[in-house]
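Data first, discussion second: the structure below is written as structure tokens.
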Amino acid sequence: MIEVVRIAALQDNYIWMAHDDASGATVVIDPAEAQPVLDEAARRGWTIDQIWNTHWHGDHTGGNAAIKAATGCTITGPAAEADKIPTLDVLVDEGDTAQLGAIAAQVLAVPAHTAGHIAYHLPAAGIAFVGDTLFAMGCGRLFEGTAAQMWANMQRLAALPPETLVYCAHEYTLSNARFAIVAEPDNRAVAARLAAVEAARSRGEATVPTTIADERATNPFMRAGSAEELGRRRAAKDAF
Ligand SMILES: [Zn+2]
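Position one of the sequence shown corresponds to residue 27 (this note's numbering), numbered consecutively onward.
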């Protein structure tokens, strides 16, 4: 069994900490900062063995050095961004595998938000850590890539098993949902999810993780019929 813990950080970041009961191994995904992660691990009696980074942005790597100093953990991240993440120990790319105990994580190259962005898919656990590529009802901004790349990423993630739990790195769902109903005004699943997200956020509840099934039904970027349509929707969301 893999247990995944949500640690809220900075303005709207989620740091995920995953613990494998069988081996006792613990990995932190995209630590924006160190102290709340170290505190949560200590509270649970978990020893952090690893950090996995999805991309170089500071709100995903800012805690790397301090967590490594405190725990001696090994840091794995995108080979294509090694020059921008000086704390990396293990460089991975498409087709590589990271291990959490006996559980394998397949590394998927999903460039667009950044040029070397990767995701970690753990098929045996039915979970994926997607950083800033896929959000609940949204996708990452195209800082270092193209709409065609992001569209390919969406198709690829859409093909994962529908029940896969998707751990995104930000709580952006309410804004995304308000855009989604404009992009797809006739989509009843979007309308229902918008209402559910508004209610959850008004209660202060998190809306992540999501699932591939929910994204296929309500995410206007995953549902875009072409790279061009994704690009138009992304530009409209940037100005929304
Ligand atoms: Zn980012």
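For every residue, glycine included, the Cβ atom is placed at its ideal position computed from N, Cα and C.
Buried versus exposed call for residue i [16 or more other C-beta atoms within 10 Å across all chains shown]
| i | result |
| --- | --- |
| Arg-70 | exposed |
| Val-133 | buried |
| Gln-61 | exposed |
| Val-223 | buried |
| Glu-241 | buried |
| Ala-250 | buried |
| Met-27 | exposed |
Cβ-heavy atom distance, residue i to ligand 1, below 7 Å
| i | result |
| --- | --- |
| His-147 | no |
| Asp-158 | yes |
| His-139 | yes |
| His-83 | yes |
| His-86 | yes |
Beta-carbon proximity of residue i to residue j, cut-off 8 Å
| i | j | result |
| --- | --- | --- |
| Trp-78 | Thr-102 | yes |
| Ala-138 | Asn-179 | yes |
| Glu-107 | Trp-72 | no |
| Asp-75 | Ala-58 | no |
| Met-163 | Ala-206 | yes |
| Leu-160 | Leu-183 | yes |
| Thr-87 | Ile-111 | yes |
Paired residues, beta bridge with residue i - DSSP
| i | result |
| --- | --- |
| Thr-236 | Val-192 |
| Tyr-40 | Ala-34 |
| Cys-99 | Cys-99 is not bridged to any residue. |
At a cut of 8 Å, does the region 229-236 reach the region 255-263 through at least three beta carbon pairs? Result no; under three Cβ-Cβ pairs closer than 8 Å.
Segment contact, 8 Å Cβ cut-off, at least three pairs: the region 124-131 with the region 85-93: No, the region 124-131 does not touch the region 85-93.
Is the region 166-173 close to the region 39-46, with three or more CB pairs under 8 Å? Segment contact: the region 166-173 against the region 39-46, fewer than three CB-CB distances shorter than 8 Å; contact not assigned.
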